[in-house]
Amino acid sequence: MVRTLELNKRQDQILQIVKENGPITGENIAERLNLTRATLRPDLAILTMAGFLDARPRVGYFYTGKTGTQLLTENLMKIYVRDYQAIPVVVRENLSVYDAVVTMFLEDVGTLFVVDEHSCLAGVLSRKDLLRASIGKQELSAIPVNIIMTRMPNITVCEKDDLLLDVAKNLIDKQIDSVPVVKKTDLGYEVTGRITKTNIAKAFVSLADDD
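For the record, in the sequence shown the residue sitting at position 189 is 189 according to UniProt numbering, with numbers rising by one throughout.
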């Protein structure tokens, strides 16, 4: 679980004491602050779990020397796709563009994932794809989505054990809003989830909110 990196005044004082005197026991830190060991226990636990301090039995506390930025980076490297993936909205290749528009509206999503007869990923439909198809006098109910979708292999995918940070970089680099979470099968990629910019924003906000 990631921890907030914003410290209170007493926690800053503890860090300074350990920096200057470590290794140092919890009892000695408490004496320097004129507090009881029990009073300090929650602060020491937070600083240790957050990675600012290291504790060794019968020795005491050490300062790890890591900055808030370093700890934030370490925490980002512990967040995986599986922790934040959402349920995908999947449609068939022969679905009409009209029905795809309705599905996107009803499901309140920005991307639909298109699967073939084997239920494997065949393409992706974005709002822009559907908007472009809707311009003009075309009969949308007569056009299947496989005519306008982005096809494999030109689709960015991820797997549940990928780092969320790597997916975020892909979204930025390729200027897309969502990627399917897939599992490899003998017939292709099975769609098991989705990661969106909203999922990633929630994950990054949790770095500050989770305590």
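By construction, the Cβ of each residue, glycine as well, lies at the ideal position given by its N, Cα and C atoms.
Note that the structure is a prediction, hence the values are computed from the model and not measured.
At least one CB of chain C closer than 8 Å to the CB of residue i: is that the case?
i      : result
Leu131 : The displayed structure is made up of one protein chain only, and chain C is not part of it.
What's the gap between the Cα of residue i and the Cα of residue j?
i           : j      : result
residue 229 : Val90  : Residue 229 lies beyond the stretch modelled for the chain, which goes from 1 to 211, so this question has no answer here.
Arg132      : Leu121 : 22 Å
Asn154      : Val179 : 12 Å
Tyr80       : Glu190 : 19 Å
Gly110      : Thr156 : 15 Å
Ala142      : Tyr98  : 8 Å
Ile148      : Thr48  : 53 Å
With 16 as the cutoff for other CB atoms within 10 Å, does residue i come out buried or exposed?
i      : result
Gly123 : buried
Gln11  : buried
Thr185 : exposed
Less than 8 Å separating the beta-carbons of residue i and residue j?
i      : j      : result
Ser96  : Leu130 : no
Phe62  : Gly22  : yes
Ile87  : Gly193 : yes
Asp54  : Thr39  : no
Val101 : Ser126 : no
Leu33  : Gln16  : no
Ile167 : Val145 : Position check: residue 167 holds Val in this sequence, whereas Ile was assumed. Against a cut-off of 8 Å, the Cβ pair of Val145 and Val167 comes out as no contact.
Thr25  : Gly60  : yes
Ile195 : Gln85  : yes
For my contact list, residue i and residue j are in at a C-beta cut-off of 8 Å; report their separation, rounded to the angstrom.
i      : j      : result
Arg82  : Lys160 : 4 Å
Leu163 : Met77  : 6 Å
Would you list, in sequence order, the uninterrupted alpha helix (DSSP H) runs of no fewer than 4 residues that lie entirely inside the stretch 31-106? 37-50, 68-76, 81-84
Length-filtered (4 minimum) alpha helix (DSSP H) runs lying within the stretch 125-172: 127-134
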